[in-house]
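Asks: One structure follows; several queries about it will come next.
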Amino acid sequence: MALIETHNLWKTYEMGAEKVHALREVSITIEKGEYVAIIGPSGSGKSTLMNLIGCLDTPTQGEYLLNGKKVSQMNDDELANIRNREIGFVFQTFNLLARATAFHNVELPLIYNGSPAIERREKAELALRKVELSDRMYHKPTELSGGQRQRVALARALVNDPALLLADEPTGNLDSKTSLEIIDLFEELHRQGNTIIIVTHERDIATRAHRVLSILDGRIATDERMSKDSVRAY
Amino acid sequence: MIAPSLVKIAFSALLANKLRSGLTLLGVMIGVTSVMTIISALEGMMGGIEAQLARLGPATFVATTIGGVVTSEEQWFEMLKRKPLKLKAVKYIEEGCDLCEKVCPRVYTRTLMKYGNKSLRRVMVGGSTFNLIDIVDIEVAQGRFHSREDDLHRRQVAFIGEQLRETFFEGVDPLNKVIRIGGKRYTVIGVAKKQGSMFGQNQDNFVLIPISAYVKQFGQPKRNMNVTIKARSVKELDEAMDQVRMVLRSKRHVPYDKPDDFSMLTADNILETFNAITRMFRLTLIGISSISLVVGGIVVMNIMMVSVTERTREIGIRKSVGAKQKHILIQFLFEALMTTTSGGIVGIVLGFLIAKSLVGLIDMEISPSTFAIVAGLFISTGTGIIFGIYPAMKAARLDPIKALSYE
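Residue numbers (numbering that gives the first Met the number 0), protein chains in the order written: chain F, 0 to 233; chain C, 0 to 406.
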């Protein structure tokens, strides 16, 4: 069973009298353990697709199955539940709670699924260790560098052991050196068995993935699989 | 459990915004304080009046020419046309009411009192028979009250209140001293125990003399006389009142189809009368003070709205990691509740203290009332819920995508 299956997804926004189709009949299948990059120019619909895959939004038409569950017709709270258990988000702007410590940011998803405090502590500490931030646990985001912030966000995404790691321009706000570190980290996480989808407009970051989907005008334009050699050669 | 974590989140959000939380708290506090002040002060006063009326005793009632609840002008004019009760009524009641244990006429006037070179104007002079002391709650501190013999022989003897003793006989034994009441000489035979004051009115500023002496000096009582009657027991109070009613109706020749041309009051219905008269006044006061509470509520709502808008992104982040609508709702509602309830608690304490000092100005005491405390808590929590729910719902319903991209 595929992790992600979409059939003829449409997303249409109504701008006054005009209908804007952000996505048109998108049908994709992504297996467990894949490392996929979605690329496309701005306005191509890649953010819309990410929002749909990330269960932040529902399609206007079509079907979306995540881990065998039909999420295309779920209500707000059911979607929240799916986001909590199946998806780990990494955003371009990190989206950390500014006033909270790294630790609290990481334990946040566990709070909303009702995990007891002891379990939250164990899991959050483990996740922070994975991103090598054990020594920054009680620092606030403002006391951390950009790369460190993004690693906190990664720890938060991983803490609940999600089926899918979904990153939206994860290196967009980072310098090139830190970007590479983060991308290396993604690769490492992929090796450990995580399914990863990265949305980006940077070709060189996309090519690090094993499969690249490009979007143009709301449609999937190309779907290329990188050979392992090309990945290594990069 | 999720709830304790949400409370913690709400709490740390409040701490992070101390000034804003403080202002919200202040808004509610001012509202609750004003309502609490009014409720506590009113409660205290009503309690004081009840205590005062309790001096009359539960088996005691009063027959009087004019009294009771007046609901219309006609009724008032009807009362003014009544024939005054006369001293003879006392004898009739004593004879016609076997359930009445004590019957005592009471009549009052105000006049000048003098001793040596000191004088006091408008002192309340009361005439009564010797048995008054057995009916109402007056205690003898020194000497004695006048006796049956004093009554019979129209002796000019006086039983004075504590305040008068202080004024005229500071450091001197008042007994057997001769004072002048309205120009006539009276010998002091006793002093009453201090009763304190009520609405700034000193209750110890009186002199009681035998009614025979009173009549001799001031003439027959007119409308200012009442008959105070003690029934044999509380159980027989109603029956005793009926007997008195029958006696007075027949002696005053009231036709069977006409209402009484006199009034009968018990401590209970004096209180009722007082309550009825002051109800509108009290409700108005509470109503006016409630306006500040509404203002406080609007402050809460306003600040909550700002807080929700300012924290749109935070809400988006929470939703993206799986917070459901109810989690966000609870978090924001808790924030509102925590501020309003703590504002409420401060308001209750402050309101009580203000009420205490206000009531203290008219020489009365109040103690914290359970009703006021419960009402204060209820009001402040209610404010939190009513004015917090809309902003909290607004926060809970935010679209996560829009919230995340909010700048």
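Beta carbons: idealized from backbone N, C-alpha and C, even for Gly.
Per DSSP, what kind of secondary structure is residue 168 of chain C in: helix, strand or coil?
Replies: Coil at residue 168 of chain C, not helix or strand.
Asks: Please look up how many angstroms separate the CB atoms of residue 106 of chain F and residue 123 of chain F, rounded, as I've assumed it's under 8 Å.
Replies: Their Cβ separation, rounded to whole angstroms, is 4 Å, which keeps residue 106 of chain F and residue 123 of chain F in contact under 8 Å.
Asks: Measure from the alpha carbon of residue 29 of chain C to the alpha carbon of each residue in C:375, C:402 and C:399, then state which is nearest.
Replies: The residue with the shortest Cα to Cα distance from residue 29 of chain C is C:375.
Asks: Quick check on residue 365 of chain C: does DSSP put it in helix, strand or coil?
Replies: Residue 365 of chain C falls in the coil class under three-state DSSP.
Asks: Taking the straight line between their C-alpha atoms, what separation do you get for residue 178 of chain F and residue 93 of chain F?
Replies: Rounded to the nearest angstrom, the two C-alpha atoms are 13 Å apart.
Asks: Near residue 82 of chain F, which residues of its chain fall below 6 Å by C-beta distance, leaving aside the five closest residues on each side in sequence?
Replies: Result list for residue 82 of chain F: 54, in chain order.
Asks: If you draw a straight line from the C-alpha of residue 232 of chain F to the C-alpha of residue 88 of chain F, how long is it?
Replies: For residue 232 of chain F, the predicted model reports a pLDDT of 40, less than 50, meaning its position is unreliable; a value from the coordinates is still stated below. Distance between the alpha carbons of residue 232 of chain F and residue 88 of chain F: 29 Å.
Asks: Going along the segment 289 to 314 of chain C in order, which residues come within less than 9 Å of chain F, judged by CB to CB distance?
Replies: Flagged, chain order: 312 and 313.
Asks: Determine whether the beta carbon atoms of residue 261 of chain C and residue 108 of chain C lie at a separation below 8 Å.
Replies: Going by C-beta atoms, residue 261 of chain C is not nearer than 8 Å to residue 108 of chain C.
Asks: Check this for me: beta carbons of residue 58 of chain F and residue 200 of chain F, under 8 Å apart or not?
Replies: Taking 8 Å as the Cβ cut-off, residue 58 of chain F and residue 200 of chain F do not qualify as a contacting pair.
Asks: Give a yes or no on whether 8 Å exceeds the smallest Cβ distance from residue 21 of chain C to chain F.
Replies: No, residue 21 of chain C does not count as interfacial toward chain F.
Asks: At what residues does the alpha helix (DSSP H) containing residue 62 of chain F begin and finish?
Replies: Element bounds for residue 62 of chain F: not the alpha helix (DSSP H) but the beta strand (DSSP E), 60 to 65.
Asks: So if DSSP puts residue 197 of chain F in a beta bridge, which residue, or which two residues, is it bridged to?
Replies: Beta-bridge pairing links residue 197 of chain F to F:36 and F:166.
Asks: Residue 323 of chain C versus chain F: which residues are under 8 Å apart at the beta carbon?
Replies: Those within 8 Å of residue 323 of chain C in chain F are 75, 76, 79, 80 and 111.
Asks: Restricting to Cα atoms, I'd like to know which of F:61, F:33, F:46 and F:186 is closest to residue 215 of chain F.
Replies: Selected option, being the one with the closest Cα: F:46.
Asks: Do you know how far the Cα of residue 98 of chain F is from the Cα of residue 147 of chain F?
Replies: Roughly 16 Å separates the two Cα atoms.
Asks: With a cut-off of 8 Å on the beta carbons, I'd call residue 2 of chain F and residue 163 of chain F a contact; round off their distance for me.
Replies: 6 Å between Cβ atoms; contact.
Asks: Quick test of the definition: if touching needs 3 or more C-beta pairs under 8 Å, does the segment 45 to 56 of chain C touch the segment 386 to 397 of chain C?
Replies: Flag = no, the segment 45 to 56 of chain C and the segment 386 to 397 of chain C do not touch.
Asks: Looking at the secondary structure, which residues open and close the beta strand (DSSP E) in which residue 109 of chain C lies?
Replies: First-last of the beta strand (DSSP E) with residue 109 of chain C: 99 to 114.
Asks: Under 8 Å: do the segment 291 to 308 of chain C and the segment 16 to 36 of chain C share three or more Cβ pairs, one atom per stretch?
Replies: In short, these stretches touch, since the Cβ pair count reaches three.
Asks: Mind checking which residues open and close the beta strand (DSSP E) that includes residue 318 of chain C?
Replies: Element bounds for residue 318 of chain C: not the beta strand (DSSP E) but the alpha helix (DSSP H), 311 to 319.
Asks: Can you give me, in chain order, the residues of the segment 384 to 406 of chain C that have a beta carbon less than 7 Å from any beta carbon in chain F?
Replies: Within the segment 384 to 406 of chain C, the residues whose Cβ lies closer than 7 Å to some Cβ of chain F are 399, 400 and 403, listed in chain order.
Asks: Measure the C-alpha to C-alpha separation of residue 257 of chain C and residue 214 of chain C and round it to an integer number of angstroms.
Replies: Approximately 32 Å between the Cα atoms of the pair.
Asks: By a C-beta neighbour count over all protein chains shown, 10 Å radius and 16 as the cutoff for buried, is residue 288 of chain C buried or exposed?
Replies: Buried, by the Cβ-count rule.
Asks: Does the segment 33 to 40 of chain C come close enough to the segment 349 to 360 of chain C to have 3 or more Cβ pairs within less than 8 Å?
Replies: Yes, they touch.
Asks: Residue 177 of chain F lies in the alpha helix (DSSP H); which residues open and close that run?
Replies: Per DSSP, residue 177 of chain F belongs to the alpha helix (DSSP H) from 175 to 190.
Asks: Figure out for me which residue from F:174, F:61, F:221 and F:212 has the closest Cα to the Cα of residue 34 of chain F.
Replies: Cα-wise, what sits closest to residue 34 of chain F is F:212.
Asks: When you compare the CB of residue 319 of chain C with every CB in chain F, is at least one pair closer than 8 Å?
Replies: True, the Cβ-Cβ gap to chain F drops below 8 Å.
Asks: Against chain F, with Cβ distances strictly below 8 Å, would residue 15 of chain C count as a contact?
Replies: Closer than 8 Å: yes.
Asks: With a threshold of 8 Å, are at least 3 pairs of Cβ atoms found where one atom belongs to the segment 99 to 106 of chain C and the other to the segment 224 to 236 of chain C?
Replies: Judged by Cβ distances under 8 Å, the segment 99 to 106 of chain C makes contact with the segment 224 to 236 of chain C, as three or more pairs qualify.
Asks: Look at the Cβ atom of residue 166 of chain C, then the Cβ atom of residue 117 of chain C, and state whether they are nearer than 8 Å.
Replies: In this structure, residue 117 of chain C lies closer than 8 Å to residue 166 of chain C by Cβ.
Asks: Output, in chain order, the set of chain C residues within a Cβ distance shorter than 9 Å of residue 56 of chain F.
Replies: Near residue 56 of chain F (Cβ distances below 9 Å), the residues of chain C are 398, 399 and 400.
Asks: Could you name the residues of the same chain whose beta carbon sits closer than 6 Å to that of residue 212 of chain C, not counting the 5 residues immediately before and after it, in chain order?
Replies: Same-chain partners within the cutoff: 153 and 155.
Asks: Let me check one thing: in DSSP terms, what residues is residue 213 of chain F bridge-paired to?
Replies: DSSP, once it has assigned bridges, lists F:38 and F:221 as partnering residue 213 of chain F.
Asks: For residue 234 of chain C, which of C:57, C:164, C:115 and C:125 has the nearest alpha-carbon?
Replies: Of the listed residues, the one whose Cα sits closest to residue 234 of chain C is C:57.
Asks: Hey, residue 70 of chain F and residue 48 of chain F: beta-carbon distance below 8 Å or not?
Replies: In this structure, residue 48 of chain F does not lie closer than 8 Å to residue 70 of chain F by Cβ.
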